[in-house]
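Beneath this line is the structure, given in structure tokens, with notes to follow.
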Amino acid sequence: MGPRAFARGGRALRTIAGFELFATDLPFRVRFKHSAAERTSSESLFLRCRLDDGTVGWGESLPRAYVTGESRAAAFELLAAKILPALVGRGFDSLAAVEAFLEGCDGRAPAALVDPSTPQTAAWCAVDLALLDTFGRAGGERPLAGESSAFPPGLRY
Numbered sequence: 114m115g116p117r118a119f120a121r122g123g124r125a126l127r128t129i130a131g132f133e134l135f136a137t138d139l140p141f142r143v144r145f146k147h148s149a150a151e152r153t154s155s156e157s158l159f160l161r162c163r164l165d166d167g168t169v170g171w172g173e174s175l176p177r178a179y180v181t182g183e184s185r186a187a188a189f190e191l192l193a194a195k196i197l198p199a200l201v202g203r204g205f206d207s208l209a210a211v212e213a214f215l216e217g218c219d220g221r222a223p224a225a226l227v228d229p230s231t232p233q234t235a236a237w238c239a240v241d242l243a244l245l246d247t248f249g250r251a252g253g254e255r256p257l258a259g260e261s262s263a264f265p266p267g268l269r270y
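Take any residue in the sequence shown, note its place counting from 1, add 113, and you have its number in my numbering.
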């Protein structure tokens with residue numbers, strides 16, 4: 114069976130086929146210390162999103178209990194148990210539709226998935242970035258293109 118594509122207003126509907134979630138420690142070259150913590154690695158979450166047409170994109174997050182109220186383990190569990198399973202099978206016909214969905218979420222999972230009082234902003238950040246990256250790649254578009262202009266002269270990453 115091939116990819117599921119449906120016409121909606123002349124645009125293909127792409128569906129989220131699956132996610133892979135990774136808890137990864139990226140070591141720092143030197144120890145990092147500030148008033149709230151001392152670290153030797155990043156303690157990151159990475160999220161791989163795959164669409165039914167094979168397009169893949171990535172999101173990431175750095176949960177911090179003293180910033181968002183989430184530990185990495187809690188954010189991982191929230192994503193794995195509640196958020197990601199509910200998003201598999203969801204379709205969008207454009208990057209603009211993804212942006213509108215995320216704007217409506219306002220930095221949190223839909224209330225039907227997670228109680229709004231539950232700390233979740235770091236977990237949702239990984240989803241937000243993964244959806245923007247994946248659907249942007251699928252449509253050959255740059256996420257939030259209308260929100261920013263070209264890089265200032267001399268600015269390089």
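We put the beta carbon where it would ideally sit given N, CA and C, even for glycine. All figures in this text were calculated on a predicted structure; none of them were measured in a lab.
Can you tell me which of the options puts its alpha carbon nearest to the alpha carbon of residue i?
{"i": "W171", "options": "E254, G252, L245 and R255", "result": "L245"}
{"i": "R177", "options": "P232, A243 and E254", "result": "P232"}
{"i": "L242", "options": "S184, V211 and Y179", "result": "V211"}
{"i": "F147", "options": "D166, S230 and Y179", "result": "Here the sequence assigns His to residue 147, which means Phe is not the residue at that position. The candidate whose alpha carbon is nearest that of H147 is Y179."}
{"i": "S230", "options": "A149, T181 and L175", "result": "T181"}
{"i": "A136", "options": "E190, F205, D228 and D166", "result": "E190"}
Does the distance from the C-beta atom of residue i to that of residue j stay below 8 Å?
{"i": "L158", "j": "A239", "result": "yes"}
{"i": "A235", "j": "A188", "result": "yes"}
{"i": "T128", "j": "L160", "result": "no"}
{"i": "R142", "j": "E151", "result": "no"}
{"i": "G252", "j": "L208", "result": "yes"}
With residue i as the anchor, note down where its beta strand (DSSP E) starts and where it stops.
{"i": "R127", "result": "R127 to T137"}
{"i": "S174", "result": "V169 to S174"}
{"i": "R163", "result": "S157 to L164"}
Report the CB separation of residue i from residue j in whole angstroms; it is logged as a contact under 8 Å.
{"i": "A199", "j": "L226", "result": "5 Å"}
{"i": "I196", "j": "A222", "result": "5 Å"}
{"i": "L139", "j": "S155", "result": "4 Å"}
{"i": "V201", "j": "F132", "result": "7 Å"}
{"i": "R255", "j": "T168", "result": "Not a contact, Cβ separation roughly 15 Å."}
{"i": "W237", "j": "G220", "result": "6 Å"}
What span of residues does the alpha helix (DSSP H) with residue i cover, start to end?
{"i": "L191", "result": "R185 to L191"}
Does the beta carbon of residue i come closer than 8 Å to any beta carbon on chain D?
{"i": "A149", "result": "Any reference to chain D falls outside this structure, which holds one protein chain only."}
Report the start-end ranges of each alpha helix (DSSP H) in the region 198-245 that is 4 residues or longer and not cut off at the edges.
Runs of the alpha helix (DSSP H) inside the region 198-245: 208-218.
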